[in-house]
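First comes the structure, then the notes that go with it.
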Amino acid sequence: MPDHVSGRIDLARLQETLDGPWAKVRNAHRDHLDERFLPVYGETGDQARERITRLLHELPVELGIASAFPTEYGGGGDVGGSIVATEMLAQVDLSLMVKAGVQWGLFGGAVAALGTARHHDAYLRDIIAGDIFGCFAMTETGHGSDVQQLRTTCTYDPRTETFDLHTPHEAARKDYIGNAARDGRMAVVFAQLITNGRRHGVHAWLVPIRDGQGNPVPGVTIGDAGAKAGLLGVDNGRLSFDHVRVPRDMLLDRYGQVAEDGTYSSPIENDSRRFFTMLGTLVRGRVSVGGAASAATKSALTIAVRYGDIRRQFGTPDADREVLLNDYLAHQRKLLPALATTYALHFAQTELVVALDEVQGGDGPVDEHRQRELESRAAGLKAAQTWHATRTIQMCREACGGAGYLAENRLPSLKADTDVFTTFEGDNTVLLQLVAKGLLTGYRDEFGSLDGWGRASFVAEQVREMVLERTAARSLIERLIGAVPGRDEEVAVTDRGWQLKVFEDRERHLLDSAVRRLRNGAASKKDRPFDIFNDVQDHVLAVAAAHVDRVTLEAFVAGIEDVADPAVRALLDRVCDLYALSVIEADKGWFLEHGRLTPARSKAITGVVNGLLKELRPHMRTLVDGFAIPDSWLHCAILREEPGRQETMAAHDAAGDPQAVPA
């Protein structure tokens, strides 16, 4: 068991740990983004759009928002830095973050990843400078997550050496497209490529949608997506194409080329594999969304924790003053497990960004296996982070009572702006299915259709080998698990190896049983692959969720291992205990049903969790202060009159709490 946390925590050391490899990027944002960039409460949609567009042009170059682009075009060649920059923008204004993400992440990122030198030379400098505003036109009204089945067509005509881009019916209209309603001048449009009478799957074209005066070009119909719950500063719109002529060289042809005579060629022969390779290059957007959701969650928790340290409610017979909200166990039960999960996801995100930077930041060929692993990890973490944001921000709103419902206290806008994160850049349920499919198939080359679900050739041993792959601290994790004695009852529930073993065992059991059910289905429904999968869909989603929990815990453990400061390390150890045991406690039903916990041990876990809450209570403020969110960025009225830290802690001491040591 780790030592109990005692004494003062050096906040600078905690911040240093959380800031991670791109601390300079984080500090640049803290230094350069002042009140001008904060949300304006109560503004209209038109006012918000005008303000966000103006601010996008005023973002300091030092922030590195567009740093992922190659240096020869004005970028910084820093993929990881661009993701961290997105996280920091999310703590200032989520509309500004999304608008920047559309411009430089989705639109510009697609041109960089899917285009070739002629596209880069012609457009990247202007995209980076914000002189060409663009859109990422993938989603259709009738096909959101099922990108492979998009209905928009782009048919090559060798007589004119142009493509005919067409929206065949209303369900094929491009919808929810950021930058489309107002500012976009060009769009990366995804459509089915047809040449010489044959389809070659979804590809992307760079298409002008407005002329120099801002009017739609002939054949392009542009509409506004209408009023939204949040993100008022983002001009989401709709695009339709009526036989629009697109020059042959506007095909972003890194992965598929069309010759003058219409001959199609590609370095990847298989249509399905080519499609997923193309989408894999765009994984940065998914990683950014997950990181932004976590950033917003940190803001909400900071507001709720700080408010809970000044707001008093109800008295006790032996005290003259009412009780601070944060001193109630029920309040601690709300905030501290959510805070522990936020810490765990922070370390998982850091590990993911490092992996993304390594895989996509170099000049050499991309390791296909690592790319697949990266895509799976990004999908799973994005789902976990955005669902956690939705739950936690709502909980923080409730924890602040009526004050939390007022716009001036930031929480309503955080809630409204992040709500869509669970469905854009991939619907979370679909993303978890992608995670599970990667585990079940062992990253086979054919992973584009449902056929693979129903094959009877799954081998449990091969699947297990994939499950145990780890990208960080593999030897540490194996050593901790290997040190656990044989009988669980003899091991403290705060033993790190036992926690890791429990998470791993749950994932392995769920995966093996899912494989067995799929095999049984393949034997009895061999001609109905959809039914084979659909009958076990709930089980498959549970596999993916357990996998994400495991990799998150492992990332947290690996992150703590790198902490040099003993006091910070002790604090993080206890936060990690709370994360692990909270996950186990929340899934007690499964652990009891499958004999992984006895009733007595299950009850003991609840007792230990409550003990951890009391131990961490004096450190709640320290834990949120470690996020180093500038006070002005919180933009919260109830904190403007917040008493000084020492005054708050002195009052806490006076209430008789022996653990009220400034942390």
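Position 381 of the sequence shown, counting from 1, maps to 381 under full-length UniProt numbering, and the rest follow consecutively. The beta carbon of each residue, even a glycine, is placed where N, CA and C say it ideally should be. None of these values were measured; they are calculated from a predicted model.
- Scanning its chain for C-beta atoms nearer than 6 Å, with the 5 sequence neighbours on each side dropped, one finds around valine 189 the residues Ala137, Trp205, Val207, in chain order.
- Contact between the stretch 295-309 and the stretch 365-381 is absent: fewer than 3 CB-CB pairs across the two stretches fall below 8 Å.
- Contact annotation: serine 82 and valine 234 have beta-carbon atoms that are not nearer than 8 Å.
- Per the C-alpha coordinates, the member of Gly404, Leu232, Arg519 positioned closest to isoleucine 532 is Arg519.
- Between the beta-carbon of alanine 514 and that of leucine 440 there is about 7 Å, and that keeps the pair under the 8 Å contact cut.
- Residue environment for glutamate 375: buried (at least 16 other C-beta atoms within 10 angstroms of its C-beta).
- By DSSP's assignment, threonine 162 forms a beta bridge with Asp157, Pro247.
- In the DSSP assignment, methionine 620 falls outside any beta strand (DSSP E) and lies within the alpha helix (DSSP H) extending over 620-625.
- Judged by DSSP in its simplified three-state form, histidine 539 adopts helix.
- Within the DSSP secondary-structure output, arginine 210 pairs in a beta bridge with Pro216.
- Our two residues, glycine 380 and leucine 511, have alpha carbons roughly 15 Å apart in a direct line.
- Excluding residues up to 5 positions away in sequence, Thr162 lie with their Cβ nearer than 7 Å to the Cβ of proline 247 in the same chain.
- Note that the stretch 382-395 does not touch the stretch 98-108; fewer than 3 beta-carbon pairs, one per stretch, sit closer than 8 Å.
- No residue range can be given for serine 67, since it is assigned to no beta strand (DSSP E) and is classified by DSSP as neither H nor E.
- Nearest to alanine 171 by alpha-carbon distance, out of Thr160, Leu150, Ala66, is Leu150.
- Per DSSP, reduced to three states, the secondary structure at tyrosine 176 is strand.
- By the 16-neighbour rule on beta-carbons within 10 angstroms, glutamine 385 is buried.
- For the pair alanine 100 and leucine 639, the Cα-to-Cα distance works out to about 29 Å.
- In this structure glutamine 349 is buried. Its beta-carbon is surrounded by 16 or more other beta-carbon atoms within 10 angstroms.
- Residue state for tyrosine 41 is assigned as coil, using DSSP reduced to three classes.
- Judged by DSSP in its simplified three-state form, threonine 53 adopts helix.
- Alanine 344 sits close to tyrosine 579, with the two beta carbons spaced by under 8 Å.
- Annotation: valine 353 to alanine 567 spans about 26 Å, alpha carbon to alpha carbon.
- Residue state for glycine 404 is assigned as helix, using DSSP reduced to three classes.
- Under the three-state reduction of DSSP, glycine 482 is assigned to helix.
- In this chain, the alpha helix (DSSP H) harbouring arginine 306 covers 283-308.
- When the Cα atoms are used, isoleucine 177 and isoleucine 222 turn out to be separated by approximately 10 Å.
- The three-state secondary structure of histidine 594, taken from DSSP, is coil.
- Between alanine 85 and glycine 75, the C-beta gap is not smaller than 8 Å, which leaves the two residues out of contact.
- If you draw a straight line from the Cα of leucine 406 to the Cα of glutamate 322, it is about 24 Å long.
- A buried status is given to lysine 415, since no fewer than 16 other beta-carbon atoms sit within 10 Å of its beta-carbon.
- In terms of Cα proximity to alanine 542, the closest of Glu507, Pro529, Arg516 is Glu507.
- Looking at the backbone, the Cα of aspartate 261 and that of glutamine 192 are separated by about 18 Å.
- Nearest C-alpha to leucine 616 among His331, Asn215, Phe314: His331.
- Relative to glutamine 91, the option among Thr277, Asp417, His119 whose CA is nearest is Asp417.
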